[in-house]
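Numbering (our numbering), first residue to last: 124 to 644.
C-beta atoms are modelled at their ideal positions from N, C-alpha and C, and glycine is treated no differently.
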């Protein structure tokens with residue numbers, strides 16, 4: 124089994140190496156921190172987790188949060204804000220581990236798909252907006268909207284060299300990287316299918332920049348991986364007393380868990396290898412991984428759908444593909460760290476732009492519209508909130524709107540009336556709660572005395588005590604007026620008890636217990 128996973132692990136190493144570096148730069152921290160996270164995610168989570176073919180490591184989605192916190196917590200003594208970030212990641216890991224051990228894994232999956240897709244798309248927009256300026260050699264400043272508005276000015280700056288050709292050259296390297304990725308993925312030779320487009324893009328850019336000695340920014344690395352490890356100290360642990368650190372930790376736990384379990388579900392649908400996924404165990408493993416990453420001062424871990432999909436397609440059979448790919452990364456950065464210094468910053472930015480465009484997934488808009496405008500509205504509101512304000516606010520907006528939609532659907536009652544020659548039919552759809560009492564009462568009051576009324580509850584999801592009372596009282600009055608009400612009481616009572624109310628309805632004085640009513644004709 125292990126031997127069969129060697130080729131897929133090499134493919135994953137080639138994919139994860141440039142992506143982990145790019146995600147670290149997008150997070151505003153040294154590239155080595157992304158590689159440390161890739162090693163911890165691949166080995167620890169790969170060994171302990173329950174999704175054998177899922178690849179855990181640094182996530183482009185989490186990079187948006189990390190960059191926000193780097194900018195918020197950095198200072199002269201801590202230029203990357205790593206003391207605060209380490210504590211945030213450890214808090215998130217502890218929450219995830221506890222949630223997994225308490226069997227809360229499935230609850231993290233109970234999020235509206237419109238919110239998840241909106242979150243992913245919003246993250247994609249942010250990545251593209253910010254990494255575009257990195258690709259052309261500009262500093263990333265201001266809000267996301269500001270960066271979007273400044274894209275035309277950035278293009279103009281790149282094409283009009285003036286006396287400084289730095290932006291022009293950086294843009295050329297970035298565009299060359301993007302073109303290489305797209306063309307390689309589209310026309311990749313069958314014999315070289317194991318070489319990913321991102322790696323080929325970085326190779327082309329690095330070789331061109333080295334041969335031509337281009338005056339652009341390159342990745343800065345130290346001689347040893349271990350120089351980037353920052354263990355907890357009294358100064359960093361004192362951050363536990365700050366409320367905003369805890370808020371950030373809870374937010375990171377939610378986003379990372381939702382992304383991980385969404386990835387687990389998607390990967391489980393792609394293959395039949397390795398058995399069913401235990402979401403609680405996977406969440407606990409991710410939590411332990413983040414505890415370790417926080418203790419080492421690196422980026423947080425999440426399940427990554429793009430790398431996991433590539434792992435399945437590469438023919439991985441077990442968790443050893445994940446473990447070995449992380450081992451290859453570790454050996455590379457320990458033995459050959461100097462090679463990373465040949466990678467242009469603009470090439471890494473181009474990789475992230477490509478990832479961001481794929482995250483937006485314009486093709487899903489039609490599918491969301493197919494579910495109706497309310498669902499599409501939640502998606503748009505989530506994306507808009509993330510792009511216009513920030514990631515957490517956008518997610519909260521999406522969650523609130525999806526909750527309001529759920530409350531509406533649970534409390535909404537549709538009543539269809541059909542007038543026939545000998546009788547009137549009322550069809551109830553949805554949920555008959557006390558909020559629907561006025562509509563239900565109005566519909567019943569419009570039934571002429573002395574008529575035969577057939578009430579249908581086949582599409583009624585729930586009825587509460589108030590509406591049950593109203594129908595029972597109406598039946599008594601209508602029968603006394605010479606009319607007749609035909610309905611399936613047993614079905615109606617069943618919908619009442621299934622709503623979570625276990626009271627014995629026959630003991631309720633407001634609900635009559637007549638002989639079995641006549642059956643529908």
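Hey, quick one: how far does the beta strand (DSSP E) through residue 547 stretch, first residue to last?
547-555
My understanding is that residue 313 touches residue 294, with C-beta atoms under 8 angstroms, so please give their C-beta distance in whole angstroms.
The Cβ separation is near 33 angstroms, so there is no contact.
Helix, strand or coil for residue 623? Go by DSSP, reduced to three states.
Any reading at residue 623 is ruled out, since the residue's pLDDT is 41, under 50, leaving its predicted position unreliable.
For the beta strand (DSSP E) that residue 224 lies in, which residues bound it at each end?
It is not in any beta strand (DSSP E) - residue 224 instead sits in the alpha helix (DSSP H) that spans 205-224.
Contact check, residue 147 vs residue 141 under 8 angstroms by CB: the rounded distance?
With 8 angstroms as the limit, residue 147 and residue 141 do not qualify as a contact, their Cβ atoms being about 11 angstroms apart.
Taking only the alpha-carbon atoms, compute the straight-line gap between residue 473 and residue 246 and give it to the nearest angstrom.
16 angstroms
DSSP three-state label for residue 183, please.
helix
Once DSSP output is grouped into helix, strand and coil, what is the label at residue 439?
Correct three-state label for residue 439: coil.
Under the three-state reduction of DSSP, which class applies to residue 478: helix, strand or coil?
In this structure, residue 478 counts as helix in the three-state DSSP scheme.
Determine the extent of the alpha helix (DSSP H) in which residue 539 is found, giving its start and end residues.
Careful: residue 539 lies outside any alpha helix (DSSP H), inside the beta strand (DSSP E) at 536-542.
From the DSSP secondary-structure annotation, give me the bridge partner or partners of residue 585.
In the DSSP assignment, residue 585 forms a beta bridge with 554.
Compute the Euclidean distance between the alpha carbons of residue 304 and residue 291, then round it to the nearest angstrom.
20 angstroms
For residue 434 and residue 135, which I take to be in contact (beta-carbon distance under 8 angstroms), what is that distance rounded to the nearest angstrom?
That belief holds up - the Cβ atoms of residue 434 and residue 135 are roughly 6 angstroms apart, short of 8 angstroms.
I need the boundaries of the alpha helix (DSSP H) containing residue 352, first residue and last residue.
Neither: residue 352 is in no alpha helix (DSSP H) and is coded neither H nor E.
In this structure, what does DSSP give as the bridge partners for residue 425?
In the DSSP output, where bridge partners are listed per residue, residue 425 has 180.
What does the alpha-carbon distance come out to for the pair residue 442 and residue 460?
Linking residue 442 to residue 460 through their CA atoms gives a straight-line distance of about 26 angstroms.
DSSP state of residue 531, grouped into three classes?
helix
In whole angstroms, what separates the C-alpha of residue 410 from that of residue 219?
4 angstroms
CB-CB under 8 angstroms to residue 604, same chain, minus the five flanking residues each way: which ones, in chain order?
Around residue 604: 572, 573.
Please report the residue range of the alpha helix (DSSP H) in which residue 645 lies.
The structure shown has nothing for residue 645, since the chain only spans 124 to 644.
Near residue 211, what residues of its chain come up, given a Cβ to Cβ distance below 7 angstroms and the 5 sequence neighbours on each side ignored?
For residue 211, where only same-chain residues beyond five positions count, the Cβ hits under 7 angstroms are 192, 368, 371, 372, 375.
How big is the Cα-Cα spacing for residue 569 and residue 511?
50 angstroms
Determine the DSSP secondary structure at residue 494, reduced to helix, strand or coil.
coil
Are residue 428 and residue 416 close, meaning C-beta to C-beta below 8 angstroms?
no
Which first and last residues belong to the beta strand (DSSP E) in which residue 607 is found?
607-609
Among the residues of its own chain, which have a CB less than 6 angstroms from the CB of residue 317, if the five just before and after it don't count?
Beyond the five residues adjoining it in sequence on each side, residue 317 comes within less than 6 angstroms, by CB distance, of 134 in the same chain, given in chain order.
Specify the secondary structure class of residue 634 as computed by DSSP and reduced to three states.
In this prediction, residue 634 has a pLDDT of 41, which is less than 50 and means its spatial position is unreliable; nothing more can be read from the coordinates.
Quick one, which of 229, 455, 608 has its alpha-carbon nearest residue 159's?
Closest by alpha carbon: 455.
To the nearest angstrom, how far is it from the Cα of residue 439 to the Cα of residue 175?
9 angstroms
Taking the beta carbon of residue 348 as the centre, do at least 16 other beta carbons fall within 10 Å, making it buried, or is it exposed?
For residue 348, the number of other beta carbons within 10 angstroms of its own is at least 16, and it is reported as buried.
Check whether the stretch 215-230 and the stretch 482-499 touch, using three or more Cβ-Cβ pairs below 8 angstroms as the test.
no
Could you work out which residue in 551, 597, 567, 592 is closest to residue 581 when comparing CA atoms only?
Measuring C-alpha to C-alpha distances from residue 581 to each of 551, 597, 567, 592 identifies 551 as the nearest.
Which one or two residues does DSSP pair with residue 578 in a beta bridge?
Listed as beta-bridge partners of residue 578 by DSSP are 549.
Can you name the start and end residues of the alpha helix (DSSP H) that residue 410 belongs to?
Start and end: 402-419.
Where do the ends of the alpha helix (DSSP H) carrying residue 253 lie?
First-last of the alpha helix (DSSP H) with residue 253: 236-258.
For residue 385 and residue 452, what's the separation of their Cα atoms in angstroms?
The alpha-carbon of residue 385 is positioned some 25 angstroms away from that of residue 452.
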